[in-house]
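In UniProt numbering, the protein residues as written are 1 to 351. Backbone N, C-alpha and C fix where the C-beta goes; we use that ideal spot for every residue, glycine too.
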Amino acid sequence: MQVPHYKSIHNRFKINGFTLEREEIFQLAFTLIREGDDFEIEAGIFLMDWFDDHSYVDTLTSGTTGTPKMIRISKQAMVHSAIATGDFLGLRPGNTALHCLPCRFIAGKMMLVRAIILGLEMDLVSPKSNPIPNKHKIYDFSAMVPLQVEHALLQLNQIKKLIVGGAKIAPSLVNQLQNCDTEVYETYGMTETITHIAAKRIDETVFMTLPNITVSIDNRNCLVIDAPNILEEKIVTNDIVHLVSPTSFQWLGRYDNVINSGGVKLFPERIEEKLQEAFSVPFFIASESDEHLGEKVILVVESEEFPLSATIFDVLEKYERPKKVYFIPNFIRTETGKVNRLLTLKNKEAF
Numbered sequence: 001m002q003v004p005h006y007k008s009i010h011n012r013f014k015i016n017g018f019t020l021e022r023e024e025i026f027q028l029a030f031t032l033i034r035e036g037d038d039f040e041i042e043a044g045i046f047l048m049d050w051f052d053d054h055s056y057v058d059t060l061t062s063g064t065t066g067t068p069k070m071i072r073i074s075k076q077a078m079v080h081s082a083i084a085t086g087d088f089l090g091l092r093p094g095n096t097a098l099h100c101l102p103c104r105f106i107a108g109k110m111m112l113v114r115a116i117i118l119g120l121e122m123d124l125v126s127p128k129s130n131p132i133p134n135k136h137k138i139y140d141f142s143a144m145v146p147l148q149v150e151h152a153l154l155q156l157n158q159i160k161k162l163i164v165g166g167a168k169i170a171p172s173l174v175n176q177l178q179n180c181d182t183e184v185y186e187t188y189g190m191t192e193t194i195t196h197i198a199a200k201r202i203d204e205t206v207f208m209t210l211p212n213i214t215v216s217i218d219n220r221n222c223l224v225i226d227a228p229n230i231l232e233e234k235i236v237t238n239d240i241v242h243l244v245s246p247t248s249f250q251w252l253g254r255y256d257n258v259i260n261s262g263g264v265k266l267f268p269e270r271i272e273e274k275l276q277e278a279f280s281v282p283f284f285i286a287s288e289s290d291e292h293l294g295e296k297v298i299l300v301v302e303s304e305e306f307p308l309s310a311t312i313f314d315v316l317e318k319y320e321r322p323k324k325v326y327f328i329p330n331f332i333r334t335e336t337g338k339v340n341r342l343l344t345l346k347n348k349e350a351f
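Dropping the structure here:
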């Protein structure tokens, strides 16, 4: 199949029920910017950017592991990304799609690109906690963050295929989705890789890469991504993985977060999974300096202080057990809603 140019508009593309040519899309963009709500203004601005004379768009990173920054992404690379997602999920021209993500970030931008390039019939709605607007309309495809999935559980059967990204899906939410008719996929990626480069069904542990993408590891066991249609050069990540094959891997945790306690390397994300069922409030595992161990495990809970039963740690190995617990009323989060662990830890002594 010949890959369409980024200036192409699929003849099956619709937005909010309307088939639009290039000039009509410009008119829609102007209307959204002039008269729309915030989410519509963002969509209008991106549509103007997509159809301007530049071969690239500028977009903001999420700021999960550092200060958000503006990066430049090739429009043709975005087209390749859209096609890879379409092939992976089996999307077809005329499929219906629900767009419920903010367009100031790459995930929201890519939903529009997928619709334009793949010929999807898209409804653009507010990116609120429960974004599914109509109790009777069925959508073939959508993308959400975990918080939206959690609030939309009772209506999720209106979506046939759903990709979830932006944050790790909690085991408790995975359990709730087990009996759902929707095909739910957890994605792996980042702004720099133009959203996801791999995905897996939520009840599986191994991520499979999208078409034409391969992976390897460096000497830290961190993931290296080779996506020639999307990236100008390989990306070396800080994500520690178990490499299953050149097209599959199991995610273990962030290299930045690894705790070396008494010579034992611990993955906070793995400890958090074990503790997930014991908490109804957000929490995370981190470390602080210790004279004897080098680093000791700590537990940080988003709540006013309350008594913790020691039995909740019975699911952990000896070295995994937190040596100290901090209660913080409000975690510091990025604009996309992810917990900024570094800034939250810097402020923990104030509570």
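Inset, instruction - Could you please give me the residues that DSSP links to residue 260 through a beta bridge? - result: Residue 260 is bridged to 265.
Legend entry - At least three beta-carbon pairs within less than 8 Å, the segment 287-300 to the segment 325-335: Touching, per the Cβ criterion.
Legend entry - Segment contact flag, the segment 231-239 with the segment 85-101, C-beta cutoff 8 Å, min 3 pairs: Here the segment 231-239 does not lie against the segment 85-101, with fewer than 3 beta-carbon pairs under 8 Å apart.
Legend entry - Endpoints, the beta strand (DSSP E) within which residue 160 is located: Residue range 159-164 is occupied by the beta strand (DSSP E) that includes residue 160.
Legend entry - Sequence-distant residues of its chain with Cβ nearer than 8 Å to residue 170 (five each side left out): Excluding residues up to 5 positions away in sequence, 146, 276 lie with their Cβ nearer than 8 Å to the Cβ of residue 170 in the same chain.
Inset, instruction - Might you give, ordered along the chain, the residues of its own chain that have their beta carbon closer than 6 Å to the beta carbon of residue 195, omitting 5 neighbours on each side? - result: 106, 107, 110, 189.
Inset, instruction - Figure out for me which residue from 306, 347, 220, 14 has the closest Cα to the Cα of residue 121. - result: Residue 14 is the option with its Cα nearest to residue 121.
Legend entry - Helix, strand or coil at residue 317 [DSSP, three-state]: Residue state for residue 317 is assigned as coil, using DSSP reduced to three classes.
Legend entry - Candidates 320, 311, 283, 45, of which the one nearest residue 296 by Cα: Shortest Cα-Cα distance from residue 296 to any of 320, 311, 283, 45 involves 320.
Legend entry - Cutoff 6 Å; reference residue 113; Cβ partners in own chain excluding five residues on either side: Taking residue 113 as the centre and dropping the five residues before and after it, the same chain places the C-beta of 78, 82 closer than 6 Å to its C-beta, in chain order.
Inset, instruction - Would you tell me roughly how many angstroms separate the C-alpha atoms of residue 17 and residue 123, rounded to the nearest one? - result: Each residue's alpha carbon lies about 7 Å from the other.
Inset, instruction - Please name the residue, chosen from 142, 115, 282, that lies closest to residue 93 on a Cα-to-Cα basis. - result: Per the Cα distances, 115.
Inset, instruction - Pull up the distance between the alpha-carbon of residue 162 and that of residue 183, whole angstroms please. - result: Going from the Cα of residue 162 to the Cα of residue 183 covers about 6 Å.
Inset, instruction - Determine the closest residue to residue 336 out of 172, 216, 104, with distance taken between C-alpha atoms. - result: Cα-wise, what sits closest to residue 336 is 104.
Inset, instruction - With DSSP collapsed to three states, give me the class of residue 234. - result: Three-state result, residue 234: coil.
Legend entry - beta strand (DSSP E) runs wholly inside the segment 23-109, at least 3 long, in chain order: Scanning the segment 23-109 from its first residue to its last, the whole beta strand (DSSP E) runs of 3-plus residues come out as 56-60, 70-74, 96-99.
Inset, instruction - Indicate whether residue 59 and residue 73 have their beta-carbon atoms separated by less than 8 Å. - result: Against a cut-off of 8 Å, the Cβ pair of residue 73 and residue 59 comes out as a contact.
Inset, instruction - Can you tell me the Cβ-Cβ gap for residue 202 and residue 213, rounded? I've got them flagged as a contact below 8 Å. - result: Residue 202 to residue 213, Cβ: 20 Å. No contact.
Legend entry - Where residue 183 falls: helix, strand or coil (DSSP): The three-state secondary structure of residue 183, taken from DSSP, is strand.
Inset, instruction - State the Cα-Cα distance for the pair residue 119 and residue 140, rounded to the nearest angstrom. - result: Rounded to whole angstroms, residue 119 to residue 140 spans 13 Å at the Cα level.
Inset, instruction - Can you say whether residue 310 is buried or exposed, counting buried as having 16 or more other CB atoms within 10 angstroms of its CB? - result: Classification for residue 310: exposed.
Inset, instruction - Counting only the same chain and skipping the five closest in sequence on each side, list residues whose C-beta sits under 8 Å from that of residue 205. - result: Cβ neighbours of residue 205 beyond the five flanking positions: 250.
Inset, instruction - Count the other C-beta atoms from every protein chain shown that fall within 10 angstroms of the C-beta of residue 343, then say buried if there are 16 or more, exposed otherwise. - result: By the neighbour-count rule (16 or more Cβ atoms within 10 Å), residue 343 is not buried but exposed.
Inset, instruction - Mark residue 259 as exposed unless 16 or more other C-beta atoms lie within 10 angstroms of its C-beta, in which case mark it buried. - result: Only buried fits residue 259, as 16 or more other CB atoms lie within 10 angstroms of its CB.
Inset, instruction - Could you pull the start and end residues of the alpha helix (DSSP H) that residue 357 belongs to? - result: Residue 357 is absent from the structure shown; the chain starts at 1 and stops at 351.
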